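K.L.:
Counting the sequence shown from 1 gives a position; the working numbering is that position plus 566.
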Amino acid sequence: MSDPCTNLLLFGATGDLARRMLLPSLFGLDTDGLLPDCLRIIATARSVHDSDEYRAIAAAALEEFVEKERRNPADVARFLARLSYVPLDATKTAGFKALAEAAGDTRKLAIFLSTAPSLFGPTIAGLASAGLAGDGARLALEKPLGSDLASSRVINDAVATAYPEDRTFRIDHYLGKETVQNLLALRFGNALFEPLWNAAGIEHVQITIAETVGLEGRADYYEGMGALRDMVQNHMLQLLALVAMEPPAQFDPTSVRDEKVKVLRSLRPIDRANVEACTVRGQYGAGAVSGQPVKGYADELGRASTTETFVALKAHVDNWRWAGVPFYLRTGKRLPERMSEIIVQFRAVPHSMFGDAALKPNKLIISLQPDENIGLMMMAKAPGLDRDGLKLREVPLDIGMANAFADVRRRIAYERLLLDLIEGKQTLFVRRDEVEAQWQWIDAIRAGWAATGMAPKPYAAGNWGPPAAIALTERDGVSWHD
Ligand code: BG6
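Given below as structure tokens:
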């Protein structure tokens, strides 16, 4: 019997994510010879197209979202030849039979659901009814995986009826980002940091994901979620878990995820009692971003709203390693620049022999966006004869990733995740217990906001959130790294 080949079923294949990210990622993998020759991609969505029409949609997506130099016509033609399309109303089980027929050999199957969460349940039932949930079938789910703990459990339960945990791949696209994985390399591939990576060596940690964009045509989704659920519940808590976790024994799905979930469960609850002291909510009003005037959130939405487009938090991981170390998190839309970074602020030297020279404690800056960079701020002697005492200056020890790895193409996060899905590698996917621990912590904050009537404070687009976000850290003598 021939070795069964993995086929990929792509749900939501005409949607924004598929056009912007998934098709370009699959094309990138194909061009580099990383997809099995026999892999076929069966695209599906509600709209009625035949396969030729879908290939035209895919070709247009590649033209829009893949740089010209990487679009070699022979590569494009080979990639398009892998695609076929089956229209499907996922709410009706009957249509799944046609999908199963199109999938052909289903002994090895990767399924990617990039659809509205309301379709997860019926889609899973449909897949199971058509024999698309057998032992060789893996299911990947794109966020949002619910909007609170209860709804995420409903989704997870529905998934579990057909796909066991070791065949379920929950996506957090931040885990596919190169610098996020580099955080693991930095922490566990170097002896330098680990002895200091604790409350004795680190004073605080900051995690910022700042965006300049506004609603981007996602009003319905975003209005129902807000910044806390859209960004903190998933991406930011995953970053926090990777910064704070104990060293896993191996780079394997169980070891890494076991350590992450311990951190998530050690997060000190923020609830009614401390929500006002530990969180700030904001909503952008009219302002200017990158020199361009932009509307306020409510204007973009077309009605008044109490959804936050900015959130800042002071979190604690209550365990031995991190006792007393604040983790400051902030994220928002319509901030002054697109910037994602993790700052690890080390403690000051216990005694300075340099008299009045101001010594700045070391700081590790892990930049995810717009550029990947890892920098360690150090004190060094400024050149000179120093008749009045040594002069020290803070200078960066930089690994500009773009230079250090100039020969390597930077990939879209989804390239890594899709390849891992196709090959069945789960380490960079989120396990059920992690998602649930994340929701539990987030739900308490939301309940606290509701109980205390904490509404978002306004900030003008193009600012770093409301002034209260600055006060949140300044109260502790800490400034955000802008
Ligand atoms: C998504 C959020 O998960 O992440 C979006 O739903 C956000 O609101 C996006 O814009 C940010 O991702 P990235 O990779 O551009 O930082």
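Glycine included, every Cβ here is placed at the ideal spot set by N, Cα and C.
These numbers come from a predicted model, not from an experiment.
Out of curiosity, what's the CA-to-CA distance linking ASP999 and VAL827?
P.N.:
7 Å
K.L.:
Return the residue from the list ALA724, LEU833 and ARG644 that minimises the CA-CA distance to GLN1006.
P.N.:
Nearest option by C-alpha distance: LEU833.
K.L.:
Would you kindly work out how many angstroms separate the C-alpha atoms of ALA640 and MET944, rounded to a whole number?
P.N.:
Straight through space, the alpha carbons of MET944 and ALA640 are spaced by roughly 50 Å.
K.L.:
Which residue spans inside the region 592 to 620 form an unbroken beta strand (DSSP E) run of at least 3?
P.N.:
Runs of beta strand (DSSP E) with 3 or more residues, each lying fully within the region 592 to 620, are found at 607 to 611, listed in chain order.
K.L.:
According to DSSP, what are the bridge partners of GLY848?
P.N.:
PHE876 and LYS1023
K.L.:
Nearest-angstrom Cα distance between PRO1032 and TYR894?
P.N.:
15 Å
K.L.:
Under DSSP, the beta strand (DSSP E) around ALA776 begins and ends at which residues?
P.N.:
768 to 776
K.L.:
If we count Cβ pairs, one from each stretch, closer than 8 Å, do we get three or more for the region 731 to 748 versus the region 980 to 995?
P.N.:
yes
K.L.:
Between GLY578 and LEU679, what straight-line distance do the alpha-carbon atoms span, to the nearest angstrom?
P.N.:
One C-alpha to the other measures close to 7 Å.
K.L.:
Mapping the DSSP letters down to three states, classify HIS1047 as helix, strand or coil.
P.N.:
Coil at HIS1047, not helix or strand.
K.L.:
Any chance the CB of HIS882 is under 7 Å from a heavy atom of the ligand BG6?
P.N.:
Look at HIS882: its beta carbon is at least 7 Å from all of the heavy atoms in the ligand BG6.
K.L.:
What three-state label does DSSP hand ILE978 in the structure shown?
P.N.:
coil
K.L.:
Exposed or buried, what is LEU707 when buried is set at 16 or more other beta-carbons lying within 10 Å of its beta-carbon?
P.N.:
buried
K.L.:
Which value, in whole angstroms, describes the spacing of the CA atoms of SER695 and PHE686?
P.N.:
Their backbone Cα atoms lie some 14 Å apart in a straight line.
K.L.:
So, for PHE645: in the same chain, excluding its five sequence neighbours on each side, which residues have a beta-carbon less than 6 Å away from its beta-carbon?
P.N.:
Only PHE593 and ASP596 meet the Cβ criterion.
K.L.:
Please state whether DSSP places PHE1058 in a helix, a strand or coil.
P.N.:
The shown model of the chain, from 567 to 1048, leaves out residue 1058, and the question about it has no answer.
K.L.:
Compute the minimum distance between the beta carbon of ASP1049 and the heavy atoms of the ligand BG6, and state whether it is under 7 Å.
P.N.:
What is shown of the chain runs 567 to 1048, which leaves residue 1049 out entirely.
K.L.:
Mind checking whether the beta-carbon of VAL746 lies closer than 7 Å to any heavy atom of the ligand BG6?
P.N.:
no
K.L.:
List in chain order: all unbroken beta strand (DSSP E) runs of 3+ residues lying wholly within the region 878 to 926.
P.N.:
892 to 898 and 905 to 912
K.L.:
Sort THR727, TRP763, LEU575 and LEU601 by Cα distance to ASP986 and report the nearest one.
P.N.:
LEU601
K.L.:
Out of VAL829, GLY1028, GLU633 and LEU867, point me to the one whose CA is closest to TYR787's CA.
P.N.:
LEU867
K.L.:
Return yes when the C-beta of VAL860 is under 7 Å from any heavy atom of the ligand BG6, and no when it is not.
P.N.:
no
K.L.:
Rounded to a whole number of angstroms, what is the C-alpha to C-alpha distance between LEU806 and HIS882?
P.N.:
10 Å
K.L.:
State the Cα-Cα distance for the pair LYS947 and VAL961, rounded to the nearest angstrom.
P.N.:
9 Å
K.L.:
For ILE931, write down the residues that DSSP places opposite it in a beta bridge.
P.N.:
ILE909 and GLY941
K.L.:
Three or more C-beta pairs closer than 8 Å, one from the region 923 to 936 and one from the region 778 to 793: is that the case here?
P.N.:
Fewer than three pairs of CB atoms, one per stretch, sit closer than 8 Å, so the region 923 to 936 makes no contact with the region 778 to 793.
K.L.:
What is the DSSP secondary structure of ASP1042, reduced to helix, strand or coil?
P.N.:
DSSP places ASP1042 in coil when its eight states are reduced to three.
K.L.:
In this structure, does DSSP put LEU985 in helix, strand or coil?
P.N.:
helix
K.L.:
Is there contact between the region 642 to 657 and the region 605 to 618, where contact requires at least three CB pairs shorter than 8 Å?
P.N.:
yes
K.L.:
For THR681, report the span of its alpha helix (DSSP H) as first-last.
P.N.:
Unbroken run through THR681: none, as it is neither H nor E.
K.L.:
Whose C-alpha, out of ALA864, PHE912, LEU589 and GLU907, is nearest the C-alpha of VAL891?
P.N.:
PHE912
K.L.:
Please tell me whether GLY853 and ALA1034 are closer than 8 Å, where the distance is taken between their beta carbons.
P.N.:
no
K.L.:
In the DSSP assignment, find the unbroken beta strand (DSSP E) run with ASP723 in it and report its ends.
P.N.:
Secondary structure note for ASP723: it is in no beta strand (DSSP E), and the uninterrupted alpha helix (DSSP H) holding it is 715 to 728.
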